[in-house]
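*Asks:* In my numbering, the protein residues as written are 414 to 748.
Structure in structure tokens, see below.
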Amino acid sequence: MKNTAKSVGIVGTGACLPERVLTNFDLEKIVETSDEWIRSRTGIEERRITDDKTATSDIATCAARKALEDAGVEPEEIDMIIVATVTPDMAFPSTACIVQSNLGAVNASAFDIEAACTGFLYGISIAEKFILAGGVKTVLVIGADTLSKITNWEDRNTCVLFGDGAGAAVLKEVDEGSGILSVAIGAEGWKGHVLTQPAGGSRMPATVETVKNKKHFIYMDGQEVYKFAVNIMVEATEKVLGNTGMSTGDIDYLIPHQANIRIVKAASKRLKVDMDKVYVNLQKYGNMSAASIPVALDEAVREGKVKKDDVLVLVGFGGGLTWGSCVMKWNKATT
Ligand code: UT7
């Protein structure tokens, strides 16, 4: 395959948030918690929750349609659909195949990737490589999760943190020197036990017992994830900047995974990036897993915070444990 593309960038973005809002005050009625605790420990004020009829593919399709419209791309032009999710509609077919069918993207290959909250950055990395290799011109990358479906609403350690949402991006070849300048992904699988959904796979297939023992829900050692998060966000950001000969002083906008304002602030402080250059929307949506970064990117662009030629760093971490980072020169004209 001929290597024709010189540089790959995002040419359109879209987001989809369920309408139902669940506030901290609503949670006070469900578990022993308080708005004060949640705000001060996480920065989250409310989150969006899907209704019983809505699955991950529904919000993924909605975000994808917006990204295609923004990019001016027809479904038939898509060569590849990548959905990053840990809450697929079902084990198979993949959520990407369901989205393909919803969109009528008849010329696309379609597959899911599972890298939890880092999934969108894994998707960006894969998309970039395929386009650079030639043969694939247009890739749709979606980060979509409905963590509310696997949340134990009796566990205050986890249920206050998460929300549902989907974000999408269309990637194509762009002018040389713009778009993605460097992308890095990695994992520390030996730490995976600190964030799991134990049952429902081949290790612990679903039984009456697994359901009774709440093994289909999220289990998390919050403090261990926290420690990993701050360190890896700093390392991952420095890594991609280093690959391009830039430093944190060159960052116009930092778009981090939206898990906890304390994590975001601690990492930004260590990176010496002022908080007014950091995009934060976790107060509205909580941690939306794979959707957090693409939704934040879409909002930052639509709010006019990101301008053409700005240097953006996208950085995240998540279950696996995984991490990812990407530095890009924003290649799209903004209003
Ligand atoms: O995308 C990756 C997903 N995960 C993350 O990013 C999570 C990273 N970790 C965190 O964000 C934080 O560790 C948490 C927000 C999860 C917890 O904050 P923390 O400051 O580490 O609190 P903690 O776990 O040390 O708990 C402090 C206290 C405990 O009570 P005691 O033992 O001190 O009496 C908890 O039982 O707070 C209690 N607690 C709560 N109290 C009220 C835990 N959750 C709640 C709650 N409401 N929702």
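Glycine included, each C-beta is placed from N, C-alpha and C at the ideal position.
In this text the structure is predicted, and so the values were computed from the model without any measurement.
Here's the rule I'm using: 16 or more other beta-carbon atoms within 10 Å means buried, otherwise exposed. How should residue 414 be labelled?
*Replies:* Position 1 of the sequence shown holds residue 414. Confidence at residue 414 is low in this model, with a pLDDT of 46, below 50, so the placement of that residue should be treated as unreliable; the coordinate-derived value is given next. Result: exposed.
*Asks:* Let's test the definition: count the other Cβ atoms within 10 Å of the Cβ of residue 484 and tell me whether it reaches 16, buried, or not, exposed.
*Replies:* Within the sequence shown, the letter at position 71 stands for residue 484. With 16 or more Cβ atoms within 10 Å of its Cβ, residue 484 is classed as buried.
*Asks:* Can you tell me the Cβ-Cβ gap for residue 704 and residue 580, rounded? I've got them flagged as a contact below 8 Å.
*Replies:* Counting from one through the sequence shown, the residue named residue 704 turns up at place 291. Counting from one through the sequence shown, the residue named residue 580 turns up at place 167. Confirmed, Cβ separation roughly 5 Å.
*Asks:* Since residue 500 is in the beta strand (DSSP E), which residue starts that stretch and which ends it?
*Replies:* Along the sequence shown, one-based indexing puts residue 500 at 87. Careful: residue 500 lies outside any beta strand (DSSP E) and carries neither H nor E.
*Asks:* For residue 611, which option in 507, 444, 585 and 565 has the closest C-alpha, if you only look at C-alpha atoms?
*Replies:* Within the sequence shown, numbered from 1, the residue matching residue 611 stands at position 198. Of the listed residues, the one whose Cα sits closest to residue 611 is 565.
*Asks:* Can you pull the DSSP bridge partners for residue 429?
*Replies:* The sequence position of residue 429 within the sequence shown is 16, counting from 1. In DSSP, residue 429 forms a bridge with 579.
*Asks:* Excluding the 5 residues preceding and the 5 following residue 692 in the sequence, name in chain order all residues of the same chain whose CB lies nearer than 6 Å to its CB.
*Replies:* One-based indexing of the sequence shown puts residue 692 at position 279. The residues are 668, 709 and 713.
*Asks:* Report yes or no: do three or more beta-carbon pairs, one from the stretch 669 to 676 and one from the stretch 716 to 732, lie closer than 8 Å?
*Replies:* Cβ pair count under 8 Å is three or more, so yes.
*Asks:* Suppose contacts are defined by Cβ-Cβ distances below 9 Å. Is residue 494 in contact with residue 476 by that definition?
*Replies:* In the sequence shown, residue 494 corresponds to position 81, counting from 1. In the sequence shown, residue 476 corresponds to position 63, counting from 1. No.
*Asks:* In chain order, what residues of the same chain have a beta carbon less than 7 Å from the beta carbon of residue 446, not counting five sequence neighbours either side?
*Replies:* Numbered from 1 along the sequence shown, position 33 holds the residue referred to as residue 446. Counting only Cβ-Cβ distances below 7 Å, and skipping sequence neighbours, we find 440, 569 and 573.
*Asks:* Taking the alpha carbon of residue 745 as the point to measure from, which residue in 607, 646, 615 and 592 has its own alpha carbon closest?
*Replies:* Taking the sequence shown and counting its residues from 1, the one referred to as residue 745 is at position 332. For residue 745, the nearest C-alpha among the options comes from 592.
*Asks:* Suppose the cutoff is 7 Å on Cβ atoms and the five residues either side in sequence are ignored; what does the same chain contact list for residue 488 look like?
*Replies:* Looking up residue 488 in the sequence shown gives position 75. Hits under 7 Å: 481, 516, 517 and 518.
*Asks:* Helix, strand or coil: how does DSSP classify residue 741 here?
*Replies:* Position 328 of the sequence shown, counted from the start, is the residue given in the question as residue 741. Correct three-state label for residue 741: strand.
*Asks:* Give me the Cα-Cα distance between residue 526 and residue 589, rounded to the nearest whole angstrom.
*Replies:* Stepping through the sequence shown from its first residue, residue 526 is reached at position 113. Stepping through the sequence shown from its first residue, residue 589 is reached at position 176. In a straight line, the C-alpha of residue 526 is about 28 Å away from that of residue 589.
*Asks:* Whole angstroms are fine: how far does the CA of residue 655 sit from the CA of residue 549?
*Replies:* Along the sequence shown, one-based indexing puts residue 549 at 136. Along the sequence shown, one-based indexing puts residue 655 at 242. Their Cα atoms are separated by approximately 28 Å.
*Asks:* Run the CB neighbour count on residue 624, radius 10 Å, all protein chains shown included, and call it buried at 16 or more, exposed below.
*Replies:* As a position in the sequence shown, residue 624 is number 211, starting the count at 1. Exposed: under 16 other Cβ atoms inside 10 Å.
*Asks:* Who are residue 493's beta bridge partners in DSSP?
*Replies:* As a position in the sequence shown, residue 493 is number 80, starting the count at 1. Partner(s): 522 and 552.
*Asks:* If you draw a straight line from the alpha carbon of residue 743 to that of residue 424, how long is it in whole angstroms?
*Replies:* As a position in the sequence shown, residue 743 is number 330, starting the count at 1. As a position in the sequence shown, residue 424 is number 11, starting the count at 1. Those two C-alpha atoms are separated by around 9 Å.
*Asks:* Could you tell me which uninterrupted alpha helix (DSSP H) segments, each at least 4 residues in length, are contained entirely in the stretch 674 to 705, listed from first to last along the chain?
*Replies:* Complete alpha helix (DSSP H) runs here, min 4: 674 to 684 and 695 to 698.
*Asks:* Whose C-alpha, out of 422, 442, 530 and 461, is nearest the C-alpha of residue 578?
*Replies:* Counting from 1 along the sequence shown, the entry for residue 578 is found at position 165. Ranking 422, 442, 530 and 461 by Cα distance to residue 578 puts 461 first.
*Asks:* Compare the beta carbon distance of residue 474 and residue 512 with 9 Å and say whether it is the shorter of the two.
*Replies:* Residue numbering aside, residue 474 sits at position 61 when the sequence shown is read from its first letter. Residue numbering aside, residue 512 sits at position 99 when the sequence shown is read from its first letter. Contact: yes.
*Asks:* Hey, residue 653 and residue 530 are a contact pair by Cβ (cut 8 Å); roughly how many whole angstroms apart?
*Replies:* Along the sequence shown, one-based indexing puts residue 653 at 240. Along the sequence shown, one-based indexing puts residue 530 at 117. Their Cβ separation, rounded to whole angstroms, is 17 Å, which puts residue 653 and residue 530 out of contact at 8 Å.
*Asks:* Any idea what DSSP makes of residue 635, helix, strand or coil?
*Replies:* The sequence position of residue 635 within the sequence shown is 222, counting from 1. In the structure shown, residue 635 sits in a helix (DSSP, three-state: H, G or I).
*Asks:* For residue 443, is the classification buried or exposed, using 16 other Cβ atoms within 10 angstroms of its Cβ as the cut-off for buried?
*Replies:* Stepping through the sequence shown from its first residue, residue 443 is reached at position 30. Exposed, because fewer than 16 other Cβ atoms sit within 10 Å of the Cβ of residue 443.
*Asks:* Would you identify the three-state DSSP class for residue 415, choosing helix, strand or coil?
*Replies:* Within the sequence shown, numbered from 1, the residue matching residue 415 stands at position 2. With a pLDDT of 49 at residue 415, under the threshold of 50, the modelled position of this residue cannot be trusted; read the value that follows with caution. Reduced to three states, the DSSP call for residue 415 is coil.
*Asks:* How close, in whole Å, do the beta carbons of residue 641 and residue 545 come, if the pair is a contact with beta carbons under 8 Å?
*Replies:* Reading the sequence shown from its first residue, position 228 is the one you call residue 641. Reading the sequence shown from its first residue, position 132 is the one you call residue 545. Actually they are not in contact, since the Cβ atoms of residue 641 and residue 545 sit about 30 Å apart, beyond 8 Å.
*Asks:* Which two residues bound the contiguous alpha helix (DSSP H) that contains residue 512?
*Replies:* On the sequence shown, position 99 is the one that residue 512 refers to. First-last of the alpha helix (DSSP H) with residue 512: 508 to 516.
*Asks:* Identify whether residue 747 lies in helix, strand or coil by the three-state DSSP scheme.
*Replies:* Translated into positions along the sequence shown, residue 747 becomes position 334. Note: residue 747 maps to coil in three-state DSSP.
*Asks:* Out of 595, 603 and 689, state which residue places its alpha-carbon closest to the alpha-carbon of residue 421.
*Replies:* Within the sequence shown, numbered from 1, the residue matching residue 421 stands at position 8. The shortest Cα separation from residue 421 among 595, 603 and 689 belongs to 595.
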